[in-house]
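Worksheet for the structure shown next.
Residue numbers (the numbering used here): 22 to 280.
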């Protein structure tokens with residue numbers, strides 16, 4: 022029996038509606054903190070409540086957040102707490118270990134357990150990296166969230182360990198315009214260096230990074246809970262990137278780098 026013209030029109034309309042209702046791309050906040058701090062010198066060193074992160078994620082439409090511990094003199098216990106938080110909220114969080122290799126002992130032996138047994142997916146390096154630690158990172162095939170005031174040291178690490186993705190926090194250093202320019206230059210030079218978008222004082226530097234590096238080099242991160250993920254997400258959208266580029270920055274790039 023031949024199909025009527027009306028049936029063809031209805032069928033085409035249903036197909037168009039189905040194709041336009043594709044699920045939104047996953048948004049990942051690549052740098053959030055949780056847990057208790059040791060020094061208690063301010064909100065960012067005392068207590069990062071996971072409830073704040075969950076609320077901001079729900080209100081902003083953020084699907085996943087990468088969690089690491091807030092500042093502490095040592096991180097073995099705090100990393101275990103991050104792994105436990107991830108288990109308590111399945112599908113919401115991706116845990117990263119955090120270590121300061123210059124201040125902690127035994128990091129090289131701790132990290133494999135934290136990745137392979139606790140289920141953490143990356144490493145936040147607070148401070149100067151060491152060769153021994155980066156060799157372990159390369160073997161584990163995990164990304165590094167890099168937070169170090171001396172950006173020049175990243176040259177050696179990125180050059181000697183091209184298989185490691187280095188994700189530079191806060192576009193270098195949050196309050197230093199010259200560090201933003203240095204971070205942009207380093208990311209341009211090394212294919213394995215990326216920059217996060219979050220918690221900048223001057224929005225113009227994010228615009229410069231987007232123009233000079235393009236979406237494949239930028240990763241959305243809020244550096245919360247002190248910085249508000251809802252605000253930081255809006256700042257990325259103000260860049261008015263093409264839809265495919267915005268999807269890269271907001272989650273696609275990070276998904277590609279995760280193990």
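Here a beta-carbon is modelled for each residue, glycine too, at the ideal position from N, C-alpha and C.
None of the values given here were measured: they were computed from a predicted structure.
Counting only runs of 3+ residues, the beta strand (DSSP E) found wholly inside the stretch 44-104 occupies 49-57, 85-90, in chain order.
Residue state for residue 211 is assigned as coil, using DSSP reduced to three classes.
The alpha-carbon separation between residue 73 and residue 113 amounts to approximately 13 Å. Given a length threshold of 4 residues, each whole run of the alpha helix (DSSP H) inside the stretch 180-210 is given here in chain order: 198-210.
Within the same chain, Cβ atoms closer than 6 Å to the Cβ of residue 84 are found at 47, 48, the five residues on either side in sequence being excluded. Taking residue 253 as the centre and dropping the five residues before and after it, the same chain places the C-beta of 219, 243 closer than 6 Å to its C-beta, in chain order. Contact check between the stretch 226-236 and the stretch 48-63: fewer than three CB pairs, one atom from each, fall below 8 Å, which does not count as touching. Taking 8 Å as the upper bound for CB-CB distance, residue 100 and residue 141 are in contact here, some 7 Å apart.
Counted as a single uninterrupted DSSP element, the alpha helix (DSSP H) harbouring residue 257 occupies residues 250-258.
Here the C-alpha atom of residue 190 lies approximately 12 Å from the C-alpha atom of residue 245. Secondary-structure assignment with DSSP links residue 120 through a beta bridge to 146.
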